[in-house]
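Okay, so here's the structure we're looking at.
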Amino acid sequence: MFSMITQETSRMDVIELFKFFINTKSETPDDGGLLDFIEEYLEGFDAVRVDVEDVKNLFIYKKFGEGEHLCFAGHVDVVPAGNNWDTNPYEAVEKDGYIYGRGTQDMKSGVAAFTQALKETKEFQGTLSLLLTSDEEGEAVHGTVKVLEFLENNDMLPDACVVAEPTCEEHFGDAIKVGRRGSINGYLTLKGKQGHAAYPEKAINPIHKIAKVLDSIAGVDLDNGDEAFAPSKFVITDIRSGMEVTNVTPNDLKMMFNVRNNTKTEQKDIINFIAEHFDGLDYELRLTQGSYPFRTDTDTKLVKHIDKAIEAVTGLQPKHSTAGGTSDARFIAPMGVDVIEFGVKNDSIHSVNERTTRKEVEDLHKVFKNLIENWES
198 MFSMITQETS RMDVIELFKF FINTKSETPD DGGLLDFIEE YLEGFDAVRV DVEDVKNLFI
258 YKKFGEGEHL CFAGHVDVVP AGNNWDTNPY EAVEKDGYIY GRGTQDMKSG VAAFTQALKE
318 TKEFQGTLSL LLTSDEEGEA VHGTVKVLEF LENNDMLPDA CVVAEPTCEE HFGDAIKVGR
378 RGSINGYLTL KGKQGHAAYP EKAINPIHKI AKVLDSIAGV DLDNGDEAFA PSKFVITDIR
438 SGMEVTNVTP NDLKMMFNVR NNTKTEQKDI INFIAEHFDG LDYELRLTQG SYPFRTDTDT
498 KLVKHIDKAI EAVTGLQPKH STAGGTSDAR FIAPMGVDVI EFGVKNDSIH SVNERTTRKE
558 VEDLHKVFKN LIENWES
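Each residue of the sequence shown is one higher than the one before, counting from 198 in our numbering.
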């Protein structure tokens, strides 16, 4: 293994480490060598590699004492940069009060903050660890889930876990994620009968059929939500039909939809919803579910301690959110591990000119250090 550790990189502060991560291109599933680097950087920690095919996974830990196991989790992979950046997306450029680069928010800031926090920790009453993958932005089938399988089989699952995804909204420290909605994808084919546009009575036009239904399903709330979750909403993402001609009505129509579901709506509810509104129509429906809703109890030690750490650094009391998309926390929660997410502001992830601030990264590092130092208080 080629060593990326030099005399300079072995003594970096959190901003230097962050910029080093940004300067290392690591588009899914390539880790850019970062997991090898982190394994060397955290000298004195034990490392387990759970690489699967072209996905790189690292679990690295140190048992300081007999107390609880606190884990920090995340990903080093990023989505492709795209075009029209004002700077090189794979060079950390600091200007106008921001640091620009792909992954600055999602989520190399978080990885740098908790990696540096662990490197600087000299005392802890239990076990500290990192769980890192290069397969979060992709299919996520060979990443975190594979490491969790290893940990479960070897009785090494943590008691609590912080995923350092970007969570803040208007100000750093204003929000943590204590849960996430699930995600159900739907694929519906509405069948008709192809015909000549001049003789509509001899055909069954699926476009006309669905036109009568759309108003009653598009954007509809499937439940009322609750104090923790917004309502599950039926969101149509794609409708296509026909042959792009004006004189032939189509034989069928395909519609795709997504439901970010809370704990009140399941696949069976969506099946019943479709059956009600497509009654009398000839259709086929297929559902898939990539994630399931979860919520961590806000009375747990993890939530209380991260709240205190954030307030100590920022003066803010974060709200407890379940909004947004999915993250690898969805794999961790079902293992019986208390899990929350906390990171920098989320306002430019996956976009051109992704950016964050020096202070946010420094303060995130301080929050994680505070959490570690006060874990047993």
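No residue lacks a Cβ here, since even glycine has one placed at the ideal position from N, Cα and C. Note that this is a predicted model, so its numbers are computed, not measured.
If you compare the alpha carbons of T446, N350, W572 and L478 with that of A395, the shortest gap goes to T446. Here M440 is exposed: its Cβ has fewer than 16 other Cβ atoms, across all protein chains shown, within 10 Å.
Taking a cut-off of 8 Å on C-beta distances, the stretch 250 to 264 touches the stretch 344 to 362, as three or more cross pairs fall below it.
R492 is bridged by DSSP to G376.
Residue state for M304 is assigned as coil, using DSSP reduced to three classes.
Remark: C-beta atoms of A310 and V211 approach each other more closely than 9 Å. Secondary structure at M353: coil, using DSSP grouped into helix, strand and coil. As computed with DSSP, I529 is found in no beta bridge at all. Bounds of the alpha helix (DSSP H) holding K566 are R555 to E570. Boundaries of the alpha helix (DSSP H) around F470: Q464 to H474. Here the stretch 287 to 298 makes contact with the stretch 213 to 223; the two share three or more CB pairs at distances below 8 Å. Across the set D560, Q391 and V510, the C-alpha of Q391 shows the shortest separation from the C-alpha of T443. Cβ-Cβ separation between A244 and M304: approximately 21 Å, too far for a contact (criterion under 8 Å).
The straight-line gap separating the alpha-carbon atoms of K374 and H517 is approximately 6 Å. Of the candidates E237, D228 and Y384, the residue whose Cα lies closest to the Cα of R208 is E237. For A408, the enclosing alpha helix (DSSP H) stretches over residues P403 to I414. Assigned with DSSP and collapsed to three states, F234 falls in helix. Assignment of H368 by DSSP, reduced to helix, strand and coil, places it in the coil class. Note on geometry: alpha-carbon atoms of N285 and I235 lie some 24 Å from one another. A residue is called buried when at least 16 other Cβ atoms come within 10 angstroms of its Cβ; Q302 meets this threshold and is buried.
Using a 10 angstroms sphere on the CB of A408, the tally of other CB atoms stays under 16, which defines it as exposed.
Within the model, the alpha-carbon separation for N280 versus E224 is close to 15 Å. 9 Å or more divides the Cβ of R378 from the Cβ of P531. Listed in chain order, the non-local C-beta contacts of F528 below 7 Å within the same chain comprise T341, V342 and L345, local neighbours out to five positions each way being set aside. Between D449 and P397, the C-beta spacing is not below 9 Å. Here the C-alpha atom of L499 lies approximately 45 Å from the C-alpha atom of T386. Here E317 carries a helix assignment [DSSP, helix/strand/coil].
Our two residues, Y297 and E481, have alpha carbons roughly 46 Å apart in a direct line. Cβ contact annotation for E263 (same chain, cutoff 8 Å, sequence separation greater than five): Q322 and G323, in chain order.
The Cβ neighbour count for T553, taken over all protein chains shown within 10 Å, is at least 16; the residue is labelled buried. When only Cα atoms are considered, N421 and F369 end up about 30 Å apart. Between D227 and S331, the C-beta gap is smaller than 9 Å, which places the two residues in contact.
Taking every protein chain shown into account, the CB of D283 has fewer than 16 other CB atoms within 10 angstroms, so this residue is exposed. Of the residues E250, E538 and K319, the one whose Cα lies closest to the Cα of L239 is K319.
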